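Protein chains: 2
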Amino acid sequence: MDSKKKISMAVIRRLPKYHRYLKELLEKEVYRISSKELSEIIGFTASQIRQDLNNFGGFGQQGYGYNVDELYEGITKILYLSQPYNVVIIGAGNMGQALANYPWLQNSGFRIRALFDVNPRLIGLKIRDLEIYDIEELEAYIEKNDINIAFVCTPKEKTQKIANVLSKTSIQGIWNFSPVDLKVNSNIVVENVHLSDSLFVLSYLLNNREESEE
Amino acid sequence: MDSKKKISMAVIRRLPKYHRYLKELLEKEVYRISSKELSEIIGFTASQIRQDLNNFGGFGQQGYGYNVDELYEGITKILYLSQPYNVVIIGAGNMGQALANYPWLQNSGFRIRALFDVNPRLIGLKIRDLEIYDIEELEAYIEKNDINIAFVCTPKEKTQKIANVLSKTSIQGIWNFSPVDLKVNSNIVVENVHLSDSLFVLSYLLNNREESEE
DNA sequence: TAGATTGTTAATCGATTAACAATC
DNA sequence: TAGATTGTTAATCGATTAACAATC
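Sequence lines, in order, name chains A and B.
For the first sequence, the UniProt record's numbering gives the first residue as 1, with consecutive numbering after it.
For the second sequence, the UniProt record's numbering gives the first residue as 1, with consecutive numbering after it.
Here you go:
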């Protein structure tokens, strides 16, 4: 049993970066690359690249390197990006609307189906061809339309309540833009985008740059 | 010399979370907390909390714990959040506009001064009371208005060019929302918000949840 | 003083890097 | 075959956790 060795989060969080750089290489019609060459453009050590990729079995070939196309496809599959997802956006304020309009999302497998809000002024409006529904209809909508992921862009006071509602549904994942840590049903995965945390780190770094002199 | 021991990024990236939870405690009128109690609500081990805080000198008191107010103020200062910053937003598309309208930013020390775009249809428009200027004016505007930080929300093809322009200015930091890694002047700090990377990690986690049975 | 809890050192754990045998 | 480069083991480095003496 227990045949899969657990992959560490450190590795997982590097995968999208591999994915991005490999896509770029393909666009430049580079079809073959060694860990050393990839190291130079992506900024990880060649050793780390080989370790990372080996977690998922033999992508490379001794004496040759990696086939860019094969590696790109491989990582696409590892990240489960070849399958589509049905998405709802909860909170149709600035951030919710920005995500609904985001071009790269529209060309991705993340298919936004509807938005939800409490604000009566927003309910019934359309963002592109997407309707904004009353948040009261959320639970029923998720079940009826086989929704996998919720993008949560609600004000922080309201977000845990939304998480409670979502915990009662068959939703699988939450992409959380609200600056709170959510308590959810243990079978739901939460990925946080804590924008303020990121900005605060920038503030720190700004004021702790290496002093110019060596 | 070299009196400051270097603080690791792992510690730095936890600071905003401390900041958030301490603020919440203050709002609940909790004025005193032990590392053990804080551990239970924030989810770090008590040991890690004490290690983290000790990087910055004695916040606590043996036998008593930490003064919430003092700790909150301390971390605010460590993150340099008590000083204001002058900010421009580059790229007045969905994300740029969402940031310009973001309520928590308006109550923060990050003072958005203007937006910039290439699109003639956007140039001259106003977002709230903020003007959208021609990107050509960016360099001059930064120098004239003592801008510290740029929020970069441009399409990925254009972002490195923007970074090149910024590298010629006195800007100190870039908050980068574009899904590329920027090459900049070494005295400029870049903090990335790679949204697609985050979403791809969610996709992975969704499909690799702990199998229900033990 | 006795009890509580920090500050700090030591032990452990995990992740990264180095090295090299395997092999294309 | 010789050269290149992986896959993989071993060494190192860094971060987390445990333990406990210091002290409020």
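Positions of the beta carbon are idealized from the N, C-alpha and C atoms, including for glycine.
As the structure is a prediction and not an experimental result, all values here were calculated from the model.
From the DSSP output, read off the bridge partner residues of residue i.
{"i": "Gln160/B", "result": "DSSP lists no partner for Gln160/B."}
{"i": "Leu115/A", "result": "Ile89/A and Ile132/A"}
{"i": "Trp175/B", "result": "Phe151/B and Glu191/B"}
{"i": "Ile42/B", "result": "Answer is none; Ile42/B lacks a bridge partner."}
{"i": "Arg32/A", "result": "Asn67/A"}
{"i": "Gln61/A", "result": "Gly65/A"}
{"i": "Ile127/A", "result": "Leu130/A"}
{"i": "Phe110/A", "result": "Tyr85/A"}
Take residue i as the anchor and find which of the options has the nearest alpha-carbon.
{"i": "Asn67/B", "options": "Leu22/B, Val11/B and Glu131/B", "result": "Leu22/B"}
{"i": "Ile149/A", "options": "Leu199/B, Phe116/B, Gln106/B and Glu139/B", "result": "Leu199/B"}
{"i": "Ser106/A", "options": "Val118/A, Tyr85/A and Phe116/A", "result": "It should be pointed out that residue 106/A corresponds to Gln in this sequence rather than to Ser. Of Val118/A, Tyr85/A and Phe116/A, the residue nearest in Cα terms is Tyr85/A."}
{"i": "Val11/B", "options": "Arg50/B, Ile147/B, Lys28/B and Glu29/B", "result": "Arg50/B"}
{"i": "Thr169/B", "options": "Lys156/B, Asn145/B and Ser178/B", "result": "Asn145/B"}
{"i": "Asn207/B", "options": "Tyr64/A, Val201/A and Lys77/A", "result": "Lys77/A"}
{"i": "Ala140/B", "options": "Lys156/B, Ala114/B and Glu157/B", "result": "Ala114/B"}
{"i": "Gln97/B", "options": "Asp69/B, Asn54/B and Ile132/B", "result": "Ile132/B"}
{"i": "Lys36/A", "options": "Ser47/A, Lys28/A and Phe59/A", "result": "Ser47/A"}
{"i": "Gly63/B", "options": "Val201/B, Glu40/B, Ser39/B and Ile33/B", "result": "Ile33/B"}
{"i": "Lys161/B", "options": "Lys28/B, Asn54/B, Ile41/B and Glu136/B", "result": "Glu136/B"}
{"i": "Tyr31/A", "options": "Gly65/A, Ser108/A, Ile174/A and Ser203/A", "result": "Gly65/A"}
{"i": "Ile41/A", "options": "Ile147/A, Gln61/A, Glu157/A and Glu24/A", "result": "Glu24/A"}
{"i": "Val118/A", "options": "Lys28/A, Asn54/A, Ile89/A and Gln61/A", "result": "Ile89/A"}
{"i": "Lys6/A", "options": "Asp52/A, Ser39/A and Lys28/A", "result": "Asp52/A"}
{"i": "Asp69/A", "options": "Ser108/A, Ser39/A, Lys28/A and Asn54/A", "result": "Lys28/A"}
{"i": "Ile174/B", "options": "Pro155/B, Asp197/B, Ile147/B and Glu157/B", "result": "Ile147/B"}
Quick check: residue i and residue j, are their CB atoms within less than 8 Å of each other?
{"i": "Val190/B", "j": "Gln172/B", "result": "no"}
{"i": "Val152/A", "j": "Ile112/A", "result": "no"}
{"i": "Val180/A", "j": "Leu166/A", "result": "no"}
{"i": "Asn176/A", "j": "Asn187/A", "result": "no"}
{"i": "Leu26/A", "j": "Tyr72/A", "result": "yes"}
{"i": "Leu138/B", "j": "Phe116/B", "result": "yes"}
{"i": "Thr159/B", "j": "Leu182/B", "result": "yes"}
{"i": "Phe56/A", "j": "Gly74/A", "result": "yes"}
{"i": "Val201/B", "j": "Arg209/A", "result": "no"}
Exercise. Taking three-plus beta-carbon pairs below 8 Å as touching, is the region 121 to 133 of chain A in contact with the region 92 to 101 of chain A?
Worked result: Yes, since at least three Cβ pairs between the region 121 to 133 of chain A and the region 92 to 101 of chain A fall closer than 8 Å, the two stretches touch.
Problem set entry | the region 11 to 19 of chain A in contact with the region 77 to 86 of chain A per 3-pair CB rule at 8 Å | By the C-beta criterion, the region 11 to 19 of chain A is judged to be in contact with the region 77 to 86 of chain A, since at least 3 inter-stretch pairs fall below 8 Å.
Exercise. If contact means a Cβ-Cβ distance below 9 Å, which residues of the region 71 to 93 of chain B contact chain A?
Worked result: Only Ile78, Leu79, Tyr80, Leu81, Gln83, Tyr85 and Gly93 from the region 71 to 93 of chain B bring a Cβ to less than 9 Å from some Cβ of chain A.
Exercise. Can at least three beta-carbon pairs, one atom from the region 126 to 135 of chain A and one from the region 98 to 105 of chain A, be found at a separation below 8 Å?
Worked result: The region 126 to 135 of chain A is in contact with the region 98 to 105 of chain A.
For this session: Give the residues from the region 102 to 120 of chain A that approach chain B closer than 7 Å (Cβ to any Cβ), ordered along the chain.
Result: Those would be Tyr102, Trp104 and Phe110, in chain order.
Problem set entry | Short-range partners of chain B found in the region 189 to 206 of chain A, where Cβ spacing is below 9 Å | Cβ contacts with chain B: Val189, Val190, Glu191, Asn192, Val193, His194, Leu195, Ser196, Asp197, Ser198, Leu199, Phe200, Val201, Leu202, Ser203, Tyr204, Leu205 and Leu206.
For this session: Check each residue of the region 41 to 71 of chain A: if its Cβ is closer than 7 Å to any Cβ of chain B, include it; give the result in chain order.
Result: So nothing in the stretch comes that close.
For this session: Please name the residues in the region 16 to 30 of chain A whose beta-carbon is closer than 8 Å to at least one beta-carbon of chain B, in chain order.
Result: When C-beta distances to chain B are compared with 8 Å, the residues of the region 16 to 30 of chain A below that value are Pro16, Lys17, His19 and Arg20, in chain order.
Problem set entry | Proximal residues, the region 120 to 131 of chain B versus chain A, C-beta separation under 9 Å | Within the region 120 to 131 of chain B, contact with chain A at the beta-carbon level (separation under 9 Å) is assigned to no residue.
Problem set entry | Interface positions of the region 156 to 188 of chain A facing chain B (Cβ-Cβ less than 7 Å), listed along the chain | Listed in sequence order: Gln172, Gly173, Trp175, Pro179 and Asn187.
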